[in-house]
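Residue numbers (the working numbering): 6 to 135.
All C-beta atoms, glycine included, are put in the ideal place defined by N, C-alpha and C.
Data block below; observations after.
See the structure below:
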């Protein structure tokens with residue numbers, strides 16, 4: 006479901022990501038300390054945890070938790086670094102690592118307005134943790 010208000014909110018988040026040169030932001034729900042775990046209900050009725058946002062083309066995709074391409078564990082050296090809570094990827098790195106979300110599993114545009122509001126809140130909380 007989309008509304009003019011929701012469309013504007015998504016465009017504002019895209020503009021914010023662009024101003025920060027972020028193509029995708031990934032977070033670890035287990036360590037982020039969010040007020041709640043962001044979720045989305047897929048058209049199939051399945052509820053998935055959301056672990057990031059990916060700006061691709063004119064769309065803002067939700068990153069599903071079980072997406073192996075967007076696993077936060079891919080973005081640090083396990084032998085010498087502490088696991089990050091938040092990882093921001095440039096547009097170039099996001100496109101190279103995550104691919105076309107319209108052709109890959111683990112990305113969705115589907116969420117209710119309430120779910121998008123919670124996810125937007127988590128986006129700004131993740132930026133504060135970065």
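According to DSSP, simplified to helix, strand and coil, what is residue i?
| i | result |
| --- | --- |
| residue 62 | coil |
| residue 30 | strand |
| residue 112 | strand |
Can you check which of these residues, the options, is closest to residue i by C-alpha distance?
| i | options | result |
| --- | --- | --- |
| residue 26 | 37, 100, 103 and 93 | 93 |
| residue 67 | 78, 81 and 52 | 52 |
| residue 89 | 33, 18 and 132 | 33 |
| residue 62 | 122, 19, 132 and 9 | 19 |
| residue 30 | 24, 60 and 10 | 60 |
| residue 99 | 22, 120 and 125 | 22 |
| residue 69 | 78, 28, 50 and 55 | 55 |
| residue 12 | 65, 106 and 28 | 65 |
| residue 77 | 126, 124 and 91 | 91 |
Should residue i be labelled buried (16 or more other beta-carbon atoms within 10 Å of its own) or exposed?
| i | result |
| --- | --- |
| residue 16 | exposed |
| residue 112 | buried |
| residue 38 | exposed |
| residue 81 | exposed |
| residue 106 | buried |
For residue i, verify whether its CB is less than 6 Å away from any heavy atom of the ligand ADP.
| i | result |
| --- | --- |
| residue 134 | Annotation note on the ligand ADP: not contained in the displayed structure, which lists no ligands. |
Subject >> Stretch-stretch touch, CB-based, cutoff 8 Å, three pairs: the region 113–120 with the region 27–46 >> reply: yes
Original post:
What runs of the beta strand (DSSP E), each 3 residues or longer, lie entirely inside the region 46–103?
Top reply: 52–61, 64–69 and 91–94
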